[in-house]
Every structure is written in structure tokens, then in C-alpha cells.
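Single-structure report; data block below.
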Amino acid sequence: MDSIDSQQLLTNITTNIAEDCIKTAWNKIKKFFEDLDAKDSIRYKNAYEKYLINTEQKVSKIKTIIYRRAPKDLYSFYECTGVRYNGNTINTENINDILKIGNKIIVSGTGGIGKSILFKHLFLNTIAETAYIPVLIELRSFNIYDTKDISIYTAIYKGLVDNGFELSDKYFEYSLKEGAYIILFDGYDEVNRDKTEKITREIKELSEKYGKNKFLVSSRPSEEFIGWNDFCEVETLKLNKQQALNLVKKLEFDEVVKDTFYKELDRTLYDKYESFASNPLLLNIMLLTFQKHASIPERLNDFYGEAFVTLFNAHDATKDSYIRDIRSGLGCEDFKLVFSYICFKSYFNEEFQFSESRLRIYIQQAREKFDRFNFTVENFQEDLTQSVCMLVKEGGAYRFSHRSFQEYFAAVYTCKLVDDEQSKLLLTWIQESDSLFSDAYFTMLFDLQSEKVNKIILCPILREIKSLYSQYGFSIELLNIMYEGVTFVKDPYREKKRYRTSLTIKDQYLFYGLILNSRLNMFRYLGNNDEREMQIYKKIEKCIAEICMRNNKCGNWPSILKLTFDEVLEFLNPEELLEYLDFFKGQIEFAIQTVEKYDDRKISRKKKVATILEEL
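1 is the number of the first residue of the sequence shown in my numbering; add one for each residue after it.
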């Protein structure tokens, strides 16, 4: 994809929004308020212009890990990436190109890929390029509310009124029914688990009741979206090499360091560290660590560790000036220990944003935990936001500069727990967690202590799977113990197959253990006979078509279909089903290999020191 001209965007968007776009904005949307008299029309015109000015000022300037102290104009450094849908790349420079997909869209992408900045751009672009009213809702803001008090309808109305667009209830309801809005819900994955069900229901009900509006939701990838049948899901694309270079060029940074880094990124660094350099957040961290070390750590955890040290011993990245002022008086490692504890506690409490009182409670708990350190809650709180910049204050709330820092430091502190504490905590968490695969926590923990994760976390689960496999083999009986049945999910990205297949979870503990082992220890499926697999799959599609006929849905293929094993066995014989699910057999056999590998590493007390050292 061709990169966009950032300076041109800066001119077209920030200047024109402030002048031309805002002046003409009311004429674009007044059709949604047709029965206003002349006096009310003028009043609402002025109110809407006030709303756009206020929100544009808030949305267009942001802080980043590079610009930690003073917000910068978004378009001075923003690099526009695309999204992928149905195998096609869609340019996000103009929101109208995205809206061609549909009225209800989920924008998914990994942490740090730039979803929040994309949504800010789409908000601003809505003003410049469409005849709709933009609304940006940061979903994490609901975490401080009691579940019963959450109302997205009210939040949208309040956001309009608080920023100057003082609509009456009557006209707000009318404009919603007429489809006047593009509503951007940012950060679904940052909603606390106890609020997720309510938020999900609110978004679905609002989008169904007022279906003429446009609804976009950003999140890390999640299986939860399988049930959002009316929403199309698009994938945020990573930075290609040219986009990464463009982004670095735009940053206001020490020019000597930036120029050297730019050349090295072009020459070797992007190709060598593509997983880092293609992610905007990690690319910024690369630049910071390069400033200090003129090199890039190989491992993800070393990468985050170096980033923290760089921020702790901070120079102003835009100038060659030293500005470190740690008010708590803690050294780097001691500060890291205290902060790791706060991240650990808040992560497992599923809190990603805090009120000031809640943050102070966490700091006080850490102060009592590490009473050998002499610091005040007030000074440590100020360090987090002003000196080290791990937290960002927005209004009365505090959030992590990026959630991946919380996950990294939570993993760091987990490593300090004794084996029994780790095992009890994480084995219980595996049974309860809904975010195991959308977060980076387990990946980071495994990177820090892979042997221990295998021995004390994965192997206890995998031994149970091994025992079941020894008793039943790969059979229908085994499948019935571990799974409810088979789930077929419509997959627009596949060419030959309309559906992808997964097993419906019955025992989360066994299922998550199996999947974690496959992902962390890098299971590679060698595959079976593709031609035979397609023969079986055609039988499956034929069955799904018959189910559609029985349900009077001929021609309307379901987005998701869950069948019990007995229902599947009505059209496949047991051998065909087991053959089709050979991938899961491979995962189970790989799990058994992990168990046997680490069981063989037990150290006998009868061995000599020299022999033991050889095994360590």
C-alpha cells in the first residue's frame, strides 16, 4: 500500500477541520433534524460546531511513549495502515472505504498495532469526509461504573452534550433513528470481565435498534466475536517496511540517533526484527532502546526490559537533555519490583484503568509489601505518570501507557513467586480466564521461564490428557469427555472451505492447557491427505445445507453452527470424523511428548553433584 503524505494530511485535516470543515459541517447533517425552526436551527448549528471544536482538540493531540510529556498532533507522526477483509486490503485513509463493508464492523488487531490511533483518525476523518456525526467512546471508561449503571445510549448522549452539542432528548432519539451517527467504540478488550457481558449486550441492542447508524468496535482478536453475527470483522495490518521508515522519519527525535536508526532499519533491522518493526508501539520502543544501546534485544522480554530502563533513565527523546527526576528515591530495580507488584495485582484483578483512589490503594499495598523501601504513595504515583511514564492520566482516570507493559511486568513479578504459589494461581486462572489467548501475559511468562511454565503449569494439565489418551486413545469417547461437540464458523478468508472447524469447549482446564502447550512450545501440524480431507468436508457442507433447509433458512448459511458429536455422526461415520479431526489428535500427541520430556528431567537425589550439573 502506498504511504500517505503526513504533512498533507496535517494540512487537510487539522487546519480544514478547524476552519472549513467545521463551518460546513452543520449543512451536511442538518437533514437529520429537518423539522427544526429557524431559531433552533441556528442554535443547533452553533452547538454542533462547538462540539466539533471541543472533540477535535481532544482527539487530535495525543501522548505516546516518545512524546511522553507534551501531546503532539496526531497527523504529525501518524502512518496510515490498512485493514484486511475477505482477503482484500482496504485503505483506511478515507473512512468511506471502510464503511463500504457494512454498518457494523469489528476492527481487530494485536496489542500496539495502532487501533486507538486509527479510531482517532477515523473520528477526525468522519468530520472531513462524511455527512455523519462522529462519536468516540473509550469502552474502558465504563470500568469504574457499577454494571447496573452502564448505559451506552446515555454515554453517547452525555458525550455530545458535555462537549457542547446540547441536543434535546427528543432530537437525540430522532437523529439516532435516522442514522445520523458514526459511533466508534474503542478498546473492547480493555473492558473488565465483570462488565463485558453488559457492554456486549448494550452494543448489540443499540446497533439492532438504531441500525441505520454506523458502528465500529476495536479490540484485540477474540473468539467472543464469533457470536456477533451482524458484525463484519476486519484485521488491522502491520506496518510494511516503507511505512515503518516513514513513521520513523516523521518522529520528532534526536536527529543524529534517528538518522542512524533509519538507515539501519532500512539496511537490516526491519528484516531481522520484523515482528517488532512492523508494530508501531514496538517500533517506537526500538528507537528508544537504539538511542541507548545502538542495538536491539533479540527476545521480547529483553525488549520490554530495556524499554523500561530507558524510560527510567530518561532523556527527553526530542532533545539531547537529561530530565530524570525520580521523586520516590527508588533505584531502577527497586522501582521495577514495586511497579511489577502493582501490575501483577491489577492484571489478575482484570483492572486496566484506575480511579485515583484505586491506584493509591495499589501503591499502598506495594508499599506495605516492600516495607524495606522508604517512599510515599504520592511520590510513587507522580513518578508513574511524570518521570517513568508507565501510566497516563486522562481526566480523573489512570491507564497504562500501553497494556502490554502491564502484561510484561505482571509476568516479571510472577517469576518471583515460589513454584507452589505460581502453580496454584495459574492453574486456577486457566480455569477461570476469558482472556488467556488475547493477552500477551503467558507468552511473556514463557519467554522469561519456559522450563518452569512447562513443568509446573502445563505438565499437570497435560498429564491428565495423557491419562485419558492412554485409556481411550483418539476416539469418540475421548472427544466426548473433553468437548461438547463440533463448531463450524463461517470464514470469509478461505477460498475452498466455507467454514473452519473447531471443537466446542466442555472442559476449559484441559482445553486451554492443550492449546497453551501447542502455542508456547510451537506445535507444527504436518497435515493429512488434503484430497481426503476435502471429501469429508464436502459431506459436512452438504449436512449444513440440509440443516438450513430444515430450519427454513435455505440459502442463508449460518455464521456459526454448533453440533453435538451425535449430530455430526448422523452424516459422518466415526472413522471419518476422527480422520477429519486429525489436527486435534496431533495436538494431544504433542502434549504427551511435552509431559514425557519434562518427566524425564526429574533429578534423582542419588546422583552426584557433577551429574546433576550436567542436567541443569
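Even glycine gets a Cβ: it sits at the ideal position worked out from N, Cα and C.
By the Cβ neighbour-count rule, Glu56 is buried, with 16 or more other Cβ atoms within 10 Å of its own. Looking at Phe165, Gln587, Ala70 and Trp26, the one whose alpha-carbon comes closest to that of Cys389 is Ala70. For Gln353, the enclosing beta strand (DSSP E) stretches over residues Gln353 to Ser355. Boundaries for Leu265: no alpha helix (DSSP H) harbours it, and the DSSP string shows neither H nor E there. Within the same chain, and ignoring the five residues on either side of Ile515 in sequence, the residues whose Cβ sits closer than 8 Å to its Cβ are Phe437 and Gln587.
Around the beta-carbon of Arg140, 16 or more other beta-carbon atoms lie within 10 Å, marking it buried. Per DSSP, the beta bridge partners of Arg84 are Thr89 and Glu235. Cβ-Cβ distances below 8 Å link Lys120 to Val59, Ser60, Ile62, Leu74 and Leu136 in the same chain, with the five nearest sequence neighbours on each side left out; the list follows chain order. Residues Glu49, Leu52, Ile53, Glu56 and Ile127 of the same chain have their beta carbon placed closer than 8 Å to that of Ile22, with the five preceding and five following residues left out of the count. Across the set Asn349, Phe335 and Tyr472, the C-alpha of Phe335 shows the shortest separation from the C-alpha of Asn374.
Residue range Lys241 to Lys250 is occupied by the alpha helix (DSSP H) that includes Val248.
Counting C-beta pairs closer than 8 Å gives three or more between the region 102-119 and the region 277-292, which meets the contact rule. In this structure, the CA atom of Lys28 is about 18 Å from the CA atom of Gly164.
Asp383 counts as buried, since at least 16 other C-beta atoms from the protein chains shown sit within 10 angstroms of its C-beta. When the five nearest sequence neighbours on each side are left out, the beta carbons in the same chain lying within less than 8 Å of the beta carbon of Thr92 are those of Cys80, Thr81, Gly82, Val83, Ile98, Leu118, His121 and Leu122, in order along the chain.
If you compare the alpha carbons of Ile150, Val161, Arg193 and Tyr210 with that of Glu178, the shortest gap goes to Tyr210. For Asp230, the three-state secondary structure derived from DSSP is coil. Rounded to the nearest whole angstrom, the C-alpha separation of Ala440 and Pro297 is 18 Å.
Cβ-Cβ distances below 7 Å link Tyr469 to Leu478, Ile588 and Ile592 in the same chain, with the five nearest sequence neighbours on each side left out; the list follows chain order.
For Ala411, the enclosing alpha helix (DSSP H) stretches over residues Arg403 to Thr414. For Phe400, the uninterrupted beta strand (DSSP E) segment begins and ends at Ala397 to Phe400. As computed with DSSP, Thr564 is found in a beta bridge with Gly485. For Asp266 against Leu245, the beta-carbon gap comes to about 6 Å, under 8 Å, which counts as contact. For Glu596, the closest alpha carbon among the candidates Phe312, Gln471, Lys170 and Lys455 is that of Lys455. With fewer than 16 other beta carbons inside 10 angstroms of its own, His293 counts as exposed.
The continuous alpha helix (DSSP H) containing Pro460 extends over residues Cys459 to Tyr472. About 7 Å separates the Cβ atoms of Leu427 and Ile457, confirming a contact at the 8 Å cut-off.
A distance below 8 Å between beta-carbons, with the five flanking residues on each side excluded, links Phe225 to the following residues of its chain, in chain order: Ile106, Ser108, Ser219, Phe231 and Glu233.
When secondary structure is reduced to three states using DSSP, Phe215 falls in the strand class. The straight-line gap separating the alpha-carbon atoms of Thr487 and Asn192 is approximately 27 Å. By the criterion of a C-beta distance shorter than 7 Å, Lys539 is surrounded in its chain by Phe571 and Leu572, once the five residues flanking it on both sides are discounted. Residue pairing for Pro134: DSSP places it in a beta bridge opposite Ile182. Below 8 Å, too few C-beta pairs join the region 149-165 and the region 407-422 to call them touching: fewer than three. Around the beta carbon of Pro574, a 10 Å sphere encloses fewer than 16 other beta carbons of the protein chains shown; the residue is thus reported as exposed. Boundaries of the beta strand (DSSP E) around Lys104: Lys104 to Ser108. In this structure Gln381 is in contact with Arg360, their Cβ atoms being roughly 7 Å apart against a cut-off of 8 Å.
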